[in-house]
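Per my numbering, the very first residue in the sequence shown carries number 153; after that it's consecutive.
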Amino acid sequence: MSEPKTVAQTTTEILPGLHHFKILDDRIKTQSDAYALVQAGRVVLIDPLPLDPARLARLGRVEAIVLGSPSHQRSAWRYRKELNAKVHAPEGWKDLDEKPDATYKEGETLPGGIRALHAPGPGNAHHVFHLAGKPGALLVTDLWHVTGSGVEFLPDKYLTDPDRARDSARRLLEVDFEVLCFGHGDPILKGGRNVVSDLVKRESAARRKK
153 MSEPKTVAQT TTEILPGLHH FKILDDRIKT QSDAYALVQA GRVVLIDPLP LDPARLARLG
213 RVEAIVLGSP SHQRSAWRYR KELNAKVHAP EGWKDLDEKP DATYKEGETL PGGIRALHAP
273 GPGNAHHVFH LAGKPGALLV TDLWHVTGSG VEFLPDKYLT DPDRARDSAR RLLEVDFEVL
333 CFGHGDPILK GGRNVVSDLV KRESAARRKK
């Protein structure tokens with residue numbers, strides 16, 4: 153899977169220690185987003201995109217890379233080679249370009265205190281990530297994206313199981329979060345859980361009409 157050619161030049165700290173960066177992805181002609189969790193100079197990259205080397209160095213030492221979706225391998229393997237960082241991927245993935253250093257499953261705590269939550273639909277092993285505390289953040293990988301109409305599920309043609317994607321959304325409402333972070337689209341910093349609740353209600357109503 154190819155790495156984007158575009159390089160992000162800046163990052164924005166959206167929560168204490170959680171940095172967001174984005175590019176206009178030349179591979180898919182839309183926005184792609186990634187995150188860096190920084191704690192005492194130790195960095196965990198989440199679904200990493202190319203980032204200006206000087207900016208990345210200022211964040212700290214990259215010790216781990218966490219992947220939630222096979223389509224988000226992006227810069228993971230290059231960073232592993234260059235930075236000697238370990239790549240963590242879900243159990244059961246078969247289409248990775250390289251073998252991860254570690255695998256994880258539902259409910260496990262990953263580097264940086266990130267909790268992995270199984271959210272199938274985009275793929276059978278697709279996971280999202282929860283950062284506990286106040287306000288709490290949910291990083292949803294490829295479950296939803298941001299369009300001109302707001303937050304939406306990916307089109308059914310990009311989901312392996314649209315019904316399971318809807319089930320995953322309902323299940324994630326059991327998690328406490330305020331901030332909602334996407335693999336494609338700017339994060340929502342307030343009211344993220346309400347956005348998901350509204351989306352689930354709209355989708356349920358729309359499917360009942362079919």
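All residues carry an ideal CB built from backbone N, CA and C; glycine is no exception.
- In this structure, the straight-line span from the alpha carbon of Gly220 to that of Pro168 is close to 22 Å.
- Looking at the DSSP output, Ser184 sits in a beta bridge with Ile175.
- The C-beta distance from Trp229 to Asp249 rounds to 6 Å, short enough to fall under 8 Å.
- Ranked by Cα distance from Lys233, the first of Arg323, Glu215 and Trp296 is Glu215.
- The Cβ atoms of His282 and Leu290 sit closer than 8 Å to each other.
- Shown here, His279 sits in a strand according to DSSP, grouped into three states.
- Apart from sequence neighbours up to five positions away, no residue of its chain approaches Ser301 with a beta-carbon distance below 8 Å.
- Around the beta carbon of Thr312, fewer than 16 other beta carbons sit within 10 angstroms, so the residue counts as exposed.
- The alpha carbon of Gln225 has as its nearest neighbour, out of Val347, Ser184, Tyr310 and Ala317, the alpha carbon of Ser184.
- DSSP places Tyr231 in no beta strand (DSSP E) but in the uninterrupted alpha helix (DSSP H) bounded by Ala228 to Leu235.
- Around the beta carbon of Gly273, 16 or more other beta carbons lie within 10 angstroms, which makes this residue buried.
- Judged by DSSP secondary structure, Ala268 falls within the beta strand (DSSP E) whose first and last residues are Ile266 to His270.
- Glu165 has His171 as its beta-bridge partners, per DSSP.
- Under DSSP, Phe305 forms a beta bridge with Trp296.
- By the Cβ neighbour-count rule, Ser154 is exposed, with fewer than 16 other Cβ atoms within 10 Å of its own.
- By the Cβ neighbour-count rule, Ala192 is exposed, with fewer than 16 other Cβ atoms within 10 Å of its own.
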